[in-house]
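Notes follow once the structure below has been shown.
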Amino acid sequence: MKKDRLYFFTMLATIAGYAWLLWNEKYSNLQENTAGTSLCLFRHFTGIPCPSCGTTHALLALSHLHIADAFYFNPIGFILALAMLILPVWIIRDAIVKQDSFYVFYRRMELLLSKRWVAIPFFLLVACNWIWNIYKYTS
Amino acid sequence: MDAQKVEMYLMMNSKYFESHQIPFIHDQLMKMDESKYLMLQSLDLKDPTTILVVSLFGGHFGIDRFLIGDTGLGVAKLLTCGGLGIWSIVDWFLIMGRTRETNLAKLTQLFY
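Note that the protein sequences, when read in sequence, are chains E and W. Residue numbers for the first sequence follow the numbering used here, so the first one is 185 and each next one is one higher. Residue numbers for the second sequence follow the numbering used here, so the first one is 1430 and each next one is one higher.
Encoded structure:
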């Protein structure tokens, strides 16, 4: 992926993420442990939550500083929260000082993830989280 | 490389590339050294139709992106419920073109 496209889509995704969170904060009642408004295709078709279902709950809980609740809803929320906080700043910094440090970092992470000793633990973690998710949201 | 071999290769493998890229690939293959023929044959190209089928069923988890080598985007898709479900639908339309693009990128590595 080319640098400009990566920066553009990362910004777009972050803005979409913030918009989605704001919309949920305003219009859905996420205080109770209900499904809320789910755009998850997998859940709509199969009735089983996907590995990242519950992330919206987790991010909203985090924004209210309910750390334990956020962990319960979905630990992936922590990763996304970090990404949503850091990436826009990083990209704007890169644009101002005319560097490509985020692009270099992205390529390095891609290479790292294609190594077996990183990929297998990563997918195992995601799989464990998925099993926990199914247990949480279907029982 | 031998013209007959190039014609043969393009006949067998044209589905992996965009049609407008074929003349470029033809020219480059003609210029290529004969010794790279074996490497050319063993190149791991992905079939766009197969990837589309994967995208329809596993796109939500980013499996399509992982398969064509866009690991970063695959992870992003996996962790965001397929980009809130929207990205996975958009990818049904984009993934075949992207697959052909990555196939060409793999091929061009052989040229230079």
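Backbone N, C-alpha and C fix where the C-beta goes; we use that ideal spot for every residue, glycine too.
Check your understanding: Are M293/E and T198/E touching if we call contact CB-CB under 7 angstroms?
Key -> Sequence index remark: in the first sequence, residue 293/E carries index 109 (1-based). Sequence index remark: in the first sequence, residue 198/E carries index 14 (1-based). The answer is no: Cβ separation not under 7 angstroms.
Practice item. Sort R1529/W, I1518/W, T1478/W, S1471/W by Cα distance to G1498/W and report the nearest one. Key: The sequence position of residue 1498/W within the second sequence is 69, counting from 1. Ranking R1529/W, I1518/W, T1478/W, S1471/W by Cα distance to G1498/W puts R1529/W first.
Check your understanding: Quick one: any contact between the segment 1475-1483 of chain W and the segment 1493-1509 of chain W, if contact means 3 or more CB pairs under 8 angstroms?
Key -> yes
Point to revise | Test: Y256/E CB closer than 7 angstroms to a CB of chain W | key: Reading the first sequence from its first residue, position 72 is the one you call residue 256/E. No, Y256/E lies away from the interface with chain W (no Cβ there is under 7 angstroms from its Cβ).
Review point. Just by C-beta distance, which residues in the segment 1496-1513 of chain W are closer than 9 angstroms to chain E?
Key: G1498, D1499, T1500, G1501, L1502, G1503, V1504, A1505, L1507, L1508, T1509, C1510, G1511, G1512, L1513
Point to revise | Contact with chain W by L246/E, beta-carbon distance below 7 angstroms | key: Here the question's residue 246/E lines up with position 62 in the first sequence. No, no contact with chain W.
Review point. Would you report the Cα separation of Y290/E and R189/E, rounded to the nearest angstrom?
Key: The residue you call residue 290/E lines up with position 106 of the first sequence. The residue you call residue 189/E lines up with position 5 of the first sequence. Spanning the two alpha carbons is a distance of roughly 13 angstroms.
Exercise for review: Step through the CB atoms of chain E and report whether any lies within less than 7 angstroms of the CB of H1449/W.
Suggested key: Translated into the one-based positions of the second sequence, residue 1449/W becomes position 20. Not one chain E Cβ lies under 7 angstroms of H1449/W.
Point to revise | is_contact[C312/E, chain W] using C-beta, thresh 7 angstroms | key: To locate residue 312/E, count along the first sequence from 1; it is residue 128. Answer no: the Cβ-Cβ gap between C312/E and chain W never drops below 7 angstroms.
Exercise for review: Pick helix, strand or coil for Q1470/W, following the three-state DSSP scheme.
Suggested key: Taking the first residue of the second sequence as position 1, residue 1470/W is located at position 41. Here Q1470/W sits in helix by DSSP.
Point to revise | Under 7 angstroms between C-beta atoms of I260/E and T239/E | key: Translated into positions along the first sequence, residue 260/E becomes position 76. Translated into positions along the first sequence, residue 239/E becomes position 55. Their beta carbons are under 7 angstroms apart, which means I260/E touches T239/E by this criterion.
Point to revise | Spatial neighbours of P1452/W in its chain, beta-carbon cut-off 8 angstroms, leaving aside the 5 residues before and after | key: Reading the second sequence from its first residue, position 23 is the one you call residue 1452/W. Hits under 8 angstroms: none found.
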